[in-house]
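Report on the following structure.
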Amino acid sequence: MGGGLVVVAAAVITVVLLTGTRPGPAAVTPGALITTFQPGELRQVPSACQVVPGATVQQYLPGTPKVASPLPVDGSAASACNWTVDKPPLYRLMQVSLTAYAPNGLASGNGSATRAATDAYDLALQDLQAPPKGSPVSRATVQVLSGFGNQAFSALQVFHVGGAVTDVATVVVRYHNVVVTVTLNGLQHSNKGNYGPVSKPQLAAAAMAFARAAEGSLH
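Going by my numbering, the first residue of the sequence shown is number 508, and it counts up by one from there.
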């Protein structure tokens, strides 16, 4: 009988050890906060300056744009890149950012990384549709996009600042816990220099092309 107990104990220990070596996220209790990354969620993003093919950059930003990458503040979880063309009558500023969100107890729902990214996406959409009172930001014309990431929208705005008129095309995409934001500024009119005019459809097409390239790099 003693020998039988030893065999049973050994079997239990073996099962525990084998189970403990299996990779994967911790079990999720229904209704509880999620504090670990779940399948499909990303801990880091690629370099924003490298996610757009050179042919795409040349197609929408002709010439030799200046490229600058702001210093990251969240390590490999976020990346941004700016392309600037300043050659009258053309002025363009393309900005691309990718941010991977982590689980956050302050996020809505279960606090997962995806919920945190969804909150950020919803806030960006809200700010463009209904800017705060007194804000210099103009209300955007927004279009929700289907079949692109998990959620996506595009927006068009016009800014009047100091006699200058700038058209801005924006595309925001959420893929799991990552939010991709693309913003393209086109100087429509300036009180200094001979800039413009700007084609809004071309701005929108360029922002969309950069957004698709950035989102595609996450797969």
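From the three backbone atoms N, C-alpha and C, an ideal C-beta is built for every residue, glycine too. The model shown is predicted, which means the values in this text are computed figures rather than measured ones.
Here the C-alpha atom of ALA711 lies approximately 28 Å from the C-alpha atom of ARG622. Contact between GLY693 and THR673 holds: CB atoms are separated by about 7 Å, below the 8 Å threshold. Per DSSP, TYR682 lies in no alpha helix (DSSP H) segment; the continuous beta strand (DSSP E) that holds it begins and ends at 671-682. Annotation: PRO560 to PRO596 spans about 25 Å, alpha carbon to alpha carbon. Here GLY618 has LEU540, ILE541, THR542, PRO610, ASN611, GLY612 as same chain residues with Cβ atoms under 8 Å from its own Cβ, once five neighbours each way along the sequence are excluded. The three-state secondary structure of SER645, taken from DSSP, is coil.
The beta carbon of GLN664 sits closer than 7 Å to the beta carbons of SER645, ALA647, VAL675 from its chain, once the five residues preceding and following it are set aside; these are given in chain order.
Taking GLN650 as reference, the option from LYS640, SER642, GLN633 with the minimal CA-CA separation is GLN633.
Runs of the beta strand (DSSP E) lying entirely within the segment 543-608 and spanning at least 3 residues, in chain order: 573-575, 585-594, 597-607. Residue burial annotation: THR690 is buried, with at least 16 other C-beta atoms found within 10 angstroms of its C-beta.
Contact between GLN551 and ALA584 holds, since their C-beta atoms are separated by about 6 Å, short of 8 Å.
The C-beta separation of ALA718 from VAL680 comes to about 6 Å, placing the pair in contact by the 8 Å criterion. Counting along the chain, the unbroken beta strand (DSSP E) around PHE666 starts and ends at 658-668. Judged by DSSP secondary structure, GLY723 falls within the alpha helix (DSSP H) whose first and last residues are 707-723.
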